Amino acid sequence: MARDAKKLEVVKAAKQGKKPAAAKPRRTSRPEAKVAQPAAVTAAPKPQPVSAFKPIITRSDELPLDRALLLRIHDTMVKARCLEERLIAMYKSGHGYFWIGGPGEEAFNVPLGLLIKKGEGPAFDYLHFHYRQSATFLALGEEPLGAIRQMKNTASDPYSGGRNFAGHFSKREWNLCPVSSPIEVQYAMAPGTAHVQKRFGGDGITIVTGGDAGTAEGDFASCLVWSSRPGQELPVLILVTNNRWGISTPYGQVQGVERLSDRGAAFGMRTKTIDGNDPISSYLELKEAFEYVRTERKPYLVEANVSRLFGHSSASGANLIKGEPDCLELFEEKLAAHGVLSRADAKALRARYVEEMAELARQAKEEPLPDGSTIWEHVYFGEGPPDPLPKG
Amino acid sequence: MANMAQALRMALHYAEEKLGVTDIFGEDVGPPLGGVFTCTQGLRTTWNSPLDERGIIGMAMGIALAGGRPIAEIQFCDYIYNTVDLLKLAGNTCWASNGQWNLPMVVMTPVGSGIRGSIYHSHSFDASATHIPGWKIVMPSTPLDAYGLMLAACKEQNPVMFLIPKALMRIKGEEPIPGEPGEDKALSRLIDAPLGDRSQWKAQWPDTGEVGIDIGQAKVVREGRQVTVVSYGRTMPLCRSAAEVLAGEGVDAEVLDLRTLWPYDWATLKASIEKTGRVLFVNEDTEVTNFGEHLVRRTTDELFYQLLAPPKLLAGKFVPGIGLADTLETASVPQEHDVVQALRELATQAP
């Protein structure tokens, strides 16, 4: 009854064009004046031209995280950026067939990784990532060499053995489910791992990430439906990184909803849209969402506005896009202004990681590709390679 | 003797009690209905899902990733088509992760014609399923085989597609499942949910056991010397009866039930074809890029010089659907007289 009453409140509030109390973020780095209000149910939102979108950059005067954490976040952001730039360089110099990744999303992806409860099995968090999350993976403690090997499709690629694209990670001992190229399927699988976790008990949750373009697929709706079944709500942190693009198609051309997080409100779940270009804001907003899902065992939908600094993938050139806010530059500006990290130290750190990634790439270049005969391995789990056809 | 629906129910009960099955779910799978074909009545781990096939397959994959052992039902295979890329993903998860992850999950779905199900309750899925590597695919034609194959599927470390010929769901078996009551009504009283209010009803499960049917084993249903017919699912009993008809004409046909479509039992097929020199493959999926075409190709490739006649395929017509009218359905998919005619022609064909 209580739940029904709460749902009614939400519906009523939505009809009045009000933001439901449950969906209001406790903290927001986004000035309220710049935050679009939820679209009233009576008025169909107009498609917004992409030029009208202005990512909100936090310029608060306070740094509410301790110095060590700020430096750790910064360090990992730089490391991830240098890794992605090295992967792009490998592609451009013929040491990989295809690049796709997440430069520009580090301010969101690094805090996300730091908040994840890492381990294997339902007591830990299950991770259904998409292909723009090398920064999250590094924040979890992964070494960058694996991503470089995957780019070079060597036999030593620890995620797919040279079978899959860059950024398509997999690590069972950390519950990182295989990343695949379809942009939506992870949203269909996430309720399954969360279902096991809810039954298991404990505080492990499921985290699923996709982009704004992928939310047009039915699997995103499936995730919302299955995670919010009355009395069977699931501990899923549903994340959408909104870079306002689907390859070359601008968000405003194909999505009528101003804030994707509003879609969760219809299912009675907590939602918020955050500034994914600011790591401090991202950390605090995600921390709150994590705590809610861990303790309440219910879903939470977070939309993070982020930049896409090098376009969709190598298919669109993988060149630096001018005009997109660079979260790393903005963060370094802030850290310098607050005396946390000087510009010179930041520059030195970057130079160190540039050289480290270059050395790892040189190492991977010498490693062999998988042998063609290995295509028969792992067709089935726990069985030897089958013959091409069952033999008599 | 149990029919196929009852046999599957007993197998699922055995699997949830003894084989670690954690979730049996799908549209209307849980109480009160227990499945539109009653296959999941009275079970402990059943639950009703949203009407969302992609969500069902995704949920099964997630449960399997997290260490559970799910059995997901797609109510009719006609509705499985919008899940195809998830099925592809389930089939490639182990391979794509270079052996890190596996998906011990079963998807069961009723297939085929025979209940006058019209365009969206009559489709087959065996040709499509066999185009998705990484799965094991089974299709029983008897209650005992359904029981045994379901137990085998629930022990698998890989995804299993369990195709149920819906036309055979109510046909009683000829071979007993070990432990089932000998009298039909006694079994029904124990495990068939009553009509009306079922809220207080609980199934009384007979103590059934293992039957030793593994994935990948074909069965020689009838031994013969002159011609081989290989089938599975709904068309299997048609082939058996056709063989009996032809026996009266002096044609001695060997009848094989493939039971597992992938990985299939080539050794048994090969031995039979080498013996008879003539083979007819029969199924009811549409005939273009049909699984039987693969078997014809392989027979030609490997056994050409032992053949006395070209290998043949009798399958469903390549039309967009199976029409509701009896005349349309019977014109679209193989019937007993079609099998008799095809076998007769093949048995007597000479260069």
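Protein sequences appear in the order of chains F and E.
Per this note's numbering, the very first residue in the first sequence carries number 12; after that it's consecutive.
Per this note's numbering, the very first residue in the second sequence carries number 21; after that it's consecutive.
Yeah, the Cβ is synthetic: ideal placement off N, Cα and C, and Gly gets one too.
Small disclaimer: the values here were computed from a predicted structure and weren't measured.
Assign residue i to one of two classes, buried (16 or more other C-beta atoms within 10 Å of its C-beta) or exposed (fewer than that).
i                    : result
glutamine 220(E)     : exposed
threonine 320(E)     : exposed
isoleucine 84(F)     : buried
tyrosine 325(E)      : exposed
glycine 457(F)       : With chain F running from 12 to 403 in the structure shown, residue 457(F) is simply not present.
lysine 156(E)        : buried
threonine 248(E)     : buried
glutamine 369(E)     : exposed
lysine 38(E)         : exposed
arginine 174(F)      : buried
proline 153(E)       : exposed
phenylalanine 182(E) : buried
serine 292(E)        : buried
lysine 358(F)        : exposed
glutamate 302(F)     : exposed
histidine 33(E)      : buried
leucine 333(E)       : buried
isoleucine 258(F)    : exposed
Rounded to a whole number of angstroms, what is the C-alpha to C-alpha distance between residue i and residue j?
i                 : j                 : result
tryptophan 225(E) : glutamate 296(F)  : 52 Å
glycine 132(E)    : serine 171(F)     : 37 Å
arginine 305(F)   : serine 327(F)     : 39 Å
glutamate 95(F)   : histidine 179(F)  : 13 Å
leucine 371(F)    : glycine 267(F)    : 44 Å
isoleucine 233(E) : glutamate 195(E)  : 13 Å
alanine 27(E)     : isoleucine 235(E) : 17 Å
alanine 166(F)    : threonine 87(F)   : 27 Å
aspartate 48(E)   : tryptophan 67(E)  : 8 Å
leucine 348(E)    : cysteine 174(E)   : 38 Å
serine 208(E)     : tyrosine 294(F)   : 59 Å
threonine 284(F)  : tryptophan 256(F) : 17 Å
serine 238(F)     : leucine 245(F)    : 5 Å
proline 60(F)     : proline 52(E)     : Low local confidence applies: a pLDDT of 40 at proline 60(F) is under 50, so the model's placement there is unreliable, and no value is given.
threonine 42(E)   : threonine 129(E)  : 18 Å
valine 207(F)     : alanine 166(E)    : 28 Å
alanine 79(F)     : glycine 62(E)     : 57 Å
alanine 150(F)    : glycine 124(F)    : 5 Å
isoleucine 77(E)  : aspartate 77(F)   : 44 Å
leucine 344(E)    : methionine 256(E) : 22 Å
arginine 136(E)   : leucine 328(E)    : 38 Å
Could you check what DSSP says for residue i in three-state terms: helix, strand or coil?
i                    : result
histidine 151(E)     : coil
glycine 28(F)        : Legend: pLDDT at glycine 28(F) = 40, less than 50; position of this residue unreliable, no value from coordinates given.
isoleucine 77(E)     : helix
histidine 33(E)      : helix
aspartate 289(F)     : coil
tryptophan 121(E)    : coil
proline 261(F)       : strand
phenylalanine 321(F) : coil
serine 251(E)        : strand
phenylalanine 231(F) : helix
glutamate 153(F)     : coil
alanine 213(E)       : coil
lysine 90(F)         : helix
Taking the DSSP output, what are the residues bridged to residue i?
i                 : result
asparagine 2(E)   : Since the displayed chain E opens at 21 and closes at 371, residue 2(E) lies outside it and no answer follows.
arginine 242(E)   : Val275(E)
leucine 187(F)    : Leu138(F) and Lys182(F)
arginine 281(F)   : Tyr311(F)
leucine 6(F)      : Outside the displayed range of chain F (12 to 403) lies residue 6(F), so it cannot be described from this structure.
glycine 336(E)    : Thr306(E)
leucine 300(E)    : Val249(E) and Lys332(E)
tryptophan 256(F) : Pro261(F)
valine 180(E)     : Val126(E) and Lys156(E)
So residue i contacts chain A; which residues on that side make the cut at Cβ distance below 9 Å?
i                : result
histidine 106(F) : Included in the structure are the protein chains F and E, with no chain A among them.
*Compile a chain-ordered list of the residues in the region 88 to 111 of chain E whose CB is closer than 7 Å to at least one CB of chain F.*
Gly88, Asp105, Leu106 and Leu109
*Name, going along the chain, the residues of the region 172 to 206 of chain E whose beta-carbon falls closer than 8 Å to a beta-carbon of chain F.*
Gln177 and Asn178
*What residues from the region 71 to 88 of chain E come within 8 Å of chain F, judged by C-beta to C-beta, listed N to C?*
Asp72, Arg74, Gly75, Ile77, Gly78, Met79, Ala80, Met81, Gly82, Ile83, Ala84, Leu85, Ala86, Gly87 and Gly88
*Residues in the region 249 to 260 of chain F with C-beta within 9 Å of chain E's C-beta atoms, listed in sequence order?*
none
*For the region 116 to 131 of chain E, enumerate the residues whose C-beta is nearer than 7 Å to any C-beta of chain F, in chain order.*
Ala116, Ser117, Asn118, Gly119, Gln120, Trp121 and Asn122
*Give the residues from the region 190 to 209 of chain F that approach chain E closer than 8 Å (Cβ to any Cβ), ordered along the chain.*
Ser191, Pro193, Val196, Tyr198, Ala199, Met200, Ala201, Pro202, Gly203, Thr204, Ala205, His206, Val207 and Gln208
*Contact list for the region 142 to 174 of chain E against chain F, Cβ threshold 9 Å*: Pro153, Gly154 and Lys156
_Contact list for the region 236 to 247 of chain F against chain E, Cβ threshold 8 Å_ = Val236, Trp237 and Arg240
_By the 7 Å beta-carbon criterion, what residues does the region 270 to 283 of chain E contribute toward chain F?_
Pro283
*Taking a cut of 8 Å between CB atoms, which residues from the region 297 to 321 of chain F lie near chain E?*
none
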